[in-house]
Every structure is written in C-alpha cells, then in structure tokens.
Amino acid sequence: MLTLAAKAAQCFDVLDDRSLASPQATGRIARQVMAVTSLAEDAAAVGAAHLGLPMSLIDHTDHTVGSRMAQLQVVTKAAAEALRRAAESNDPTSMTAADTRLTHVHAARDLLATAASDLLACAERVAAEMERYRNNYAIPEAHHQITTDQFKALRLIATGAVSIDEDGQPWVGMDKTTVHPSVIRALDQQGLIKPAPSSSWAEEIRVLPSPMGRLVLAATLGRPEHPAAETPPVPSPPPAGPVASATRARR
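Each residue of the sequence shown is one higher than the one before, counting from 428 in our numbering.
Here it is as structure tokens:
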C-alpha cells in the first residue's frame, strides 16, 4: 500500500503541469494514461491481497480498507479515461482545444488528489490490526530508530505533500513551518527519503520515501510507542545525500 501511495503521489504531481495543454504534449499524456492505468491495476491487486488476509484482520479492516481500495480502482480508471480524452483534444487549429485538454488533465488530477493519503490510511489500519494480533502475524522490523518528529515527517512525505525549495526549506503545500529542515536532513542521512521529479512551476524538489523508508514507516505505523522521544534539533551542514545533491543541482 505504501509503495502504491508513492506511485499515486508521482502520478498526481506529474499532472500539475500547464504545458500539458499544448498539442505537443500528446505523447506525455499518453504515457500518463499508461501510468494511471497501471495504478488502477495495482490497486486491484492490492485489494485482492487484502481479501487474502486472515479473517481476523479482514473483520476489522473490511469497511475501511476494502471500500477504499474499491473506490481507488474506480477513481483511477476514471482518471485514465479523462487523460484519454485529453490526448484526443489535440487539434492545433482549434481555439478551445487547449482549454478542453487542460480541463481533462485537471479532472484526472482532481480524481487522484487523495489517492496517496487514502492508501496511507489503509496501511495504518492494517498495521494497527496486525499490532493487535502481534503474536500471530509477522510485523516488519525497523532497523532505523526514528524520533516522533521524523515519523510524522515521513508519514507526510508518504502522501507526496512535502517538497524542498532551492534554499533547502521543506514545504507542506504552502506551509513552511510543518517540517523542520533538520528532520529532512536526518531522514536523508538515514537513506529513508529520495528526491522525485516535480512538475511544479516553482524551483522545488518533491521527496518521497525510499524503499527502506517505506519499510521503516510500515514497521512504525502500527506501533505508536515505537518512535523515540523528540530531541531538540541540532543544526548540521546538509549531508551529501540524494536530496541535498538534488537541491544543489537545481541551483
């Protein structure tokens, strides 16, 4: 579910690009049709995997997880169809073709707006129930100790909501106070996050959990007592990690 959330966040972010209105963007839109179609297929596979869980877990997660996964399949298919209509609106001689295309792209983006956060909520629900039945189910172990602040940041990052501007300042949407830069540096040092291409007009880098970051998050979701107590952030020079390197490259 967390891997699918990262994929959904990337699909959502790529659609935040007004240049997709141009006739020359038909190939890019076609690639996004394939990406979103793959997202729908993966959602169906995850939904089927949930139905394969032991009955004791399904009994406690069916309404929250089963219904959300079914909804995700519907909205991703609808998003793919909206992008197909956008690809068909490519008449360079039409005055309204660009607006029509952009309307379809925005419709697809709106449909995917909550996909990553919904998947994270599903993962939290399953993790919480696995924790309740800890003696019966294998829960992944986190080999990285993270603080509560780092856990909260990693959870936000999993929804695709965090970006880094050219000055190394983390933003959550339009808010630059939610996540402290030292928390991002600590996650970067541990290899728990990675830069992702951003289509935003701003000079920013999107960050998503790395495969190890998703494992640590999965192991921590069901254990609210796991994160260590917060410690005062200690200013340190930016590490030579992937996020720091990507930031320097954008300058």
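Note that the Cβ used here is the ideal one computed from N, Cα and C, for glycine as well.
Inset, instruction - Ignore the nearest five residues each way along the sequence and tell me which others in R678's own chain have a CB closer than 6 Å to its CB. - result: At R678, the pLDDT of 49 sits below 50, so the modelled position is not reliable and the matter cannot be decided from this model.
Inset, instruction - Starting from L635, follow the alpha helix (DSSP H) in both directions and report where the run begins and ends. - result: From DSSP, L635 is part of no alpha helix (DSSP H) but of the beta strand (DSSP E) over 631 to 636.
Inset, instruction - Label K621 either buried or exposed according to how many other C-beta atoms from any shown protein chain fall within 10 Å of its C-beta, with 16 as the threshold for buried. - result: Note on K621: 16 or more other CB atoms within 10 angstroms of its CB, so buried under the neighbour-count rule.
Inset, instruction - Report buried or exposed for H490, applying the criterion of at least 16 other Cβ atoms within 10 angstroms of its Cβ. - result: exposed
Legend entry - Burial state of M374 (16 or more Cβ within 10 Å): Any property of residue 374 remains undetermined from this structure, which presents the chain solely from 428 to 678.
Inset, instruction - Please name the residue in A580, A470, L447 whose C-alpha comes closest to that of Q459. - result: Distances from the alpha-carbon of Q459 to those of A580, A470, L447 put L447 closest.
Legend entry - Beta-carbon gap between D469 and L431 smaller than 8 Å: yes
Legend entry - Sequence-distant residues of the same chain with beta carbon closer than 7 Å to A514, five excluded per side: T453, I456, A457, V460
Legend entry - N-terminal and C-terminal residue of the alpha helix (DSSP H) that A554 is part of: 542 to 559
Legend entry - Backbone secondary structure at P481 - three-state DSSP: coil
Inset, instruction - Rounded to whole angstroms, what's the CA-CA distance from T586 to A433? Just pull it up for me. - result: 7 Å
Inset, instruction - Report yes if the C-beta distance between L619 and S590 is below 8 Å; otherwise report no. - result: no
Legend entry - Cβ-based neighbour list, Q617, same chain, cut-off 7 Å, excluding 5 preceding and 5 following: H571
Legend entry - Straight-line Cα distance separating A524 from G640: 42 Å
Inset, instruction - Can you give me the Cβ contacts of C549 inside the same chain, cut-off strictly under 6 Å, excluding the 5 residues immediately before and after it? - result: M428, V492, R495
Inset, instruction - Give the straight-line distance between the Cα atoms of V599 and V606, rounded to the nearest whole angstrom. - result: V599 and V606: Cα-Cα distance of roughly 8 Å.
Legend entry - Endpoints, the alpha helix (DSSP H) within which D440 is located: 429 to 441
Legend entry - Under 8 Å between C-beta atoms of E568 and A507: No. Outside cutoff.
Legend entry - Classification of Q577 by the beta-carbon crowding that lies within 10 angstroms, buried from 16 upward: Here Q577 is buried. Its C-beta has 16 or more other C-beta atoms within 10 Å.
Legend entry - Simplified DSSP state of I573, which is helix, strand or coil: In this structure, I573 counts as coil in the three-state DSSP scheme.
Legend entry - Inter-residue spacing [alpha-carbon to alpha-carbon] between S544 and D440: 14 Å
Legend entry - Close beta carbons around A436, own chain, < 7 Å, minus the five adjacent residues each side: A543, T586, G587, L635
Legend entry - Sequence-distant residues of its chain with Cβ nearer than 6 Å to R748 (five each side left out): The structure shown does not extend to residue 748, since the chain is modelled only from 428 through 678, so no value can be given for it.
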